[in-house]
Amino acid sequence: MKTVSFTQMKNGTKDDYDLLAEAEKPYQAGTADRILEELRRQGEDTLSGYQITRLEHGLQSATRAHREGADIDWVVGALLHDVGDGLAPQNHDRFSAEVIRPFVREEVAWVVEHHGIFQMVYYAHHYGWDANARDRFKGNIYFKSCSDFCERWDQASFDPAYANELLSFFEPMVRDVFARKAYDPDVLRAGVVVGLPEKT
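Per our numbering, the sequence shown starts with residue 9, numbered consecutively.
Pasting the structure below:
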């Protein structure tokens with residue numbers, strides 16, 4: 009395999025960096041594969057103290073989103089909102105958001121990034137923490153989207169009896185999202201609030 013000539017980046021030539029740009033293309037194209045593999049790995053880990061695995065929680069969240077008629081960004085965002093749990097348990101929400109941020113609507117990435125603090129409304133009082141910590145974001149255009157996401161799809165998805173779809177059902181959606189051009193303004197739609205589908 010051809011390699012660059014430098015041992016310090018500052019000494020790299022244009023040929024070196026052209027080589028790297030080409031070499032990175034297949035790696036970037038494999039992003040969906042690595043994400044799906046991480047989800048499968050999460051299926052082997054029971055959430056400590058919970059009745060289901062991390063994968064099952066993501067599948068339940070995504071299934072609820074899909075069954076309510078949410079678009080692909082919401083469904084994939086719901087599936088992957090906790091994908092960072094394994095490597096970044098203290099800031100998994102921000103970690104997960106960075107995984108999807110280049111490929112989904114800004115609204116969805118913001119919701120995934122902030123869902124951790126929004127979820128505190130359900131349990132923080134048991135620890136003597138501020139259950140209303142999310143109120144600092146009340147002026148944000150995505151506040152309601154995040155509140156709804158947590159109420160309808162996240163906090164409700166820890167049920168071992170819930171008949172969720174399998175990962176194979178969502179795999180084509182994951183592949184479609186991660187095949188998008190990164191940071192495409194037509195995908196990111198900065199400042200656009202779609203919100204969750206109306207409940208019927």
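Every residue gets a Cβ at the ideal spot worked out from N, C-alpha and C, and that includes glycine.
Sorting Arg48, Glu32, Gln16 and Leu87 by C-alpha distance to the C-alpha of Ser165 places Leu87 at the top.
The residue among Gly38, Arg160 and Phe126 with its C-alpha nearest the C-alpha of Arg144 is Phe126. Per DSSP, Leu95 lies in no alpha helix (DSSP H) segment and is marked neither H nor E.
The Cβ-Cβ distance between Tyr150 and Glu115 falls below 7 Å.
Annotation for Lys152: the continuous alpha helix (DSSP H) segment containing it runs Phe151 to Phe157. His89 sits close to His123, with the two beta carbons spaced by under 7 Å. By the beta-carbon neighbour count (other beta carbons within 10 angstroms, threshold 16), Leu63 is buried. Using a C-beta cut-off of 8 Å, the stretch 180-188 makes no contact with the stretch 152-162, since fewer than three inter-stretch Cβ pairs fall below that distance. Its Cα nearest to that of Gly51, the residue Leu174 stands out among Ala37, Glu30, Leu174 and Glu121. Secondary structure at Thr15: coil, using DSSP grouped into helix, strand and coil.
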